[in-house]
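> To start, I am sharing the structure in question, which I have written as C-alpha cells.
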Amino acid sequence: MSVLVGLLAPVLGVASTIDKITFAIAASIVIIGAIGVVMSRNPVHAALMLVMTLFGVAVLFVAQQANFLAAVQVIVYAGAIVVLFLFVIMFLGVDREEDIGEEPLRFQRPLAIVLVLLTVAGLLLVGINTKWAVGAHSVAGPAAGQPGGDVEALGRSVFTTYLFPFEATAALLVIAVVGAVVLARRPKAPVPDEEPVRATAAEPADDAEEVAQ
Amino acid sequence: MSLGGQWYLALSMVVFAIGALGLLIRRNVLVMFMCVELMLNAANIAFVTFARMLNDIGGQALVFFVLVVAAAEVVVGLGIVVAIFRRRRSTTADDLHMLKG
Chain R
1 MSVLVGLLAP VLGVASTIDK ITFAIAASIV IIGAIGVVMS RNPVHAALML VMTLFGVAVL
61 FVAQQANFLA AVQVIVYAGA IVVLFLFVIM FLGVDREEDI GEEPLRFQRP LAIVLVLLTV
121 AGLLLVGINT KWAVGAHSVA GPAAGQPGGD VEALGRSVFT TYLFPFEATA ALLVIAVVGA
181 VVLARRPKAP VPDEEPVRAT AAEPADDAEE VAQ
Chain L
1 MSLGGQWYLA LSMVVFAIGA LGLLIRRNVL VMFMCVELML NAANIAFVTF ARMLNDIGGQ
61 ALVFFVLVVA AAEVVVGLGI VVAIFRRRRS TTADDLHMLK G
C-alpha cells in the first residue's frame with residue numbers, strides 16, 4: 001500500500017489524493033453493500049452484499065494503518081461469519097425470493113425511517129458540538145510508530161493491558177459453542193404432552209406439531 | 001497523509017443508520033442478523049478511526065473484542081433460528097409471536 005502510494009505520489013501530486021480516492025471507492029463499496037443487505041429480496045444476495053461491505057471495511061482499516069484488524073476482518077467476518085450465514089440459509093432452504101413490497105404493519109416503515117433519522121440527527125448534533133479526539137489516553141500505548149507495527153502493538157496490549165477481557169472472551173466463546181450445541185441437539189425422547197411417536201420429523205410432522213401446540 | 005477522521009466517522013454513522021433501518025423494517029430473521037453485523041461494523045470503523053486520531057491502540061483492541069462478540073452472537077443466534085425453524089418452518093419474525101402477551 002505505502003509502496004504504491006510512494007510510487008504514485010509524484011504522478012498525482014500529493015499522497016493524500018490517493019487516500020481520498022481509496023476512501024471514496026471503499027466508502028461507496030461499503031454503502032452500496034449495506035443498502036444491498038437491506039434491500040435485497042433473496043437472503044443469499046443479502047449475505048453476498050454483506051461480504052462486499054466487509055471487504056470495503058477491511059480496505060478502510062488498511063487505510064488507517066490497522067493491518068492486522070483488516071486481515072482478521074476478512075478471515076473472521078467474510079471467512080467464517082458469512083459462511084455460517086450462507087450455511088444456515090442453504091441448510092434451512094430459505095434461499096428464495098421473498099416479497100418485501102408488502103407491509104404487514106401499517107406505520108412500520110415510516111416510523112422506522114423517522115426513528116433512524118432522529119438517531120442520525122442526534123449523532124450529528126453530538127459530532128458537531130463535541131470536540132473529537134480529545135481526552136485522556138488509555139494505558140494501552142500508542143498505535144503508530146511502534147517497532148513491530150500495529151500487530152506487535154495490538155498483541156502487546158491485548159496480552160497485557162486487556163488480558164482479563166481477553167480471557168473473558170475465551171469463556172464467552174466456550175459458552176457460545178456449548179449453547180449452539182445445546183440448541184442444535186434434537187430431543188431424544190418426545191415431550192410428554194406431544195404425540196408419543198414423532199413420526200419422521202419431516203414435512204408430515206409439521207401439522208401434528210402445530211396441533212399439539 | 002491520511003484523510004481526516006471526520007470522513008470515516010460520517011461513513012460509520014451512515015452504515016449504522018442503514019443497519020438500524022434494516023433491522024427495523026426487515027422481517028426475515030437472517031437478514032435482521034446481517035443488519036446487526038452492519039451496525040457492529042459501523043462501530044468498528046469508528047473505533048479504528050478513534051484509535052488513529054488519538055494514536056491509541058486501545059481502540060484497535062476493542063475492535064478485536066467486538067469481532068469475538070459478533071462471532072459468538074452469530075453462532076447462538078443462528079442456532080436459535082435453526083431450532084425455531086424446526087418447529088415453525090419459518091424464518092419470519094412475524095411468525096414468532098408465541099411470547100406475545
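Chains as they are written, first to last, in this note's numbering: chain R, 1 to 213; chain L, 1 to 101. Virtual Cβ for every residue (Gly too), placed ideally from N, Cα, C.
Could you spell out where the alpha helix (DSSP H) holding A51/L opens and where it closes?
V29 to M53
> Against chain R, with Cβ distances strictly below 8 Å, would M1/L count as a contact?
Confidence in M1/L is poor, its pLDDT being 49 and thus under 50, which makes the residue's placement too unreliable to answer from.
> Which of the residues in the region 80 to 96 of chain L, read from start to end, lie with their CB under 9 Å from any CB of chain R?
I80, V81, V82, A83, F85, R86, R87, R88, R89, S90, T91, T92 and D94
> Mind checking which residues open and close the alpha helix (DSSP H) that includes L154/R?
Note, L154/R: alpha helix (DSSP H), G149 to F159.
> My parser needs the alpha helix (DSSP H) runs of 4 or more residues fully inside the region 48 to 113 of chain R; what are they?
Taking only runs of at least 4 residues, the alpha helix (DSSP H) segments lying wholly in the region 48 to 113 of chain R are 67 to 72 and 82 to 92.
> What are the boundary residues of the alpha helix (DSSP H) that includes I165/R?
The amino acid at residue 165/R is misidentified as Ile; the sequence shows Pro. That run of the alpha helix (DSSP H) goes L163 to A184.
> For T17/R, which three-state DSSP category applies?
helix
> May I have the straight-line CA-CA distance separating F166/R from G122/R, to the nearest angstrom?
Cα to Cα, F166/R sits roughly 33 Å from G122/R.
> Check the DSSP bridge columns for T92/L and list the partner residues they point to.
N28/L
> Using the three-state DSSP reduction, which class does N129/R fall into: helix, strand or coil?
helix
> Can you confirm whether the region 75 to 83 of chain L touches the region 51 to 62 of chain L when touching is taken to mean that 3 or more C-beta pairs between the two stretches lie within less than 8 Å?
no
> Find the residues of chain L that neighbour T53/R, judging by a C-beta separation of less than 8 Å, and give them in chain order.
Close partners of T53/R in chain L (Cβ separation under 8 Å): V15, L38 and N41.
> Could you round the C-beta distance between L3/L and S40/R to whole angstroms and report it? I think they count as a contact, below 8 Å.
Actually they are not in contact, since the Cβ atoms of L3/L and S40/R sit about 30 Å apart, beyond 8 Å.
> To the nearest whole angstrom, what separates the beta carbons of V44/R and L86/R, a pair I think is in contact under 8 Å?
7 Å
> Hey, does I21/R have any beta-carbon neighbour from chain L nearer than 8 Å?
no
> When we look at the beta-carbon of I175/R and count the other beta-carbons within 10 Å, is it buried (16 or more) or exposed?
Classification for I175/R: exposed.
> Under 8 Å, do A112/R and L38/L count as touching if we go by C-beta distance?
no
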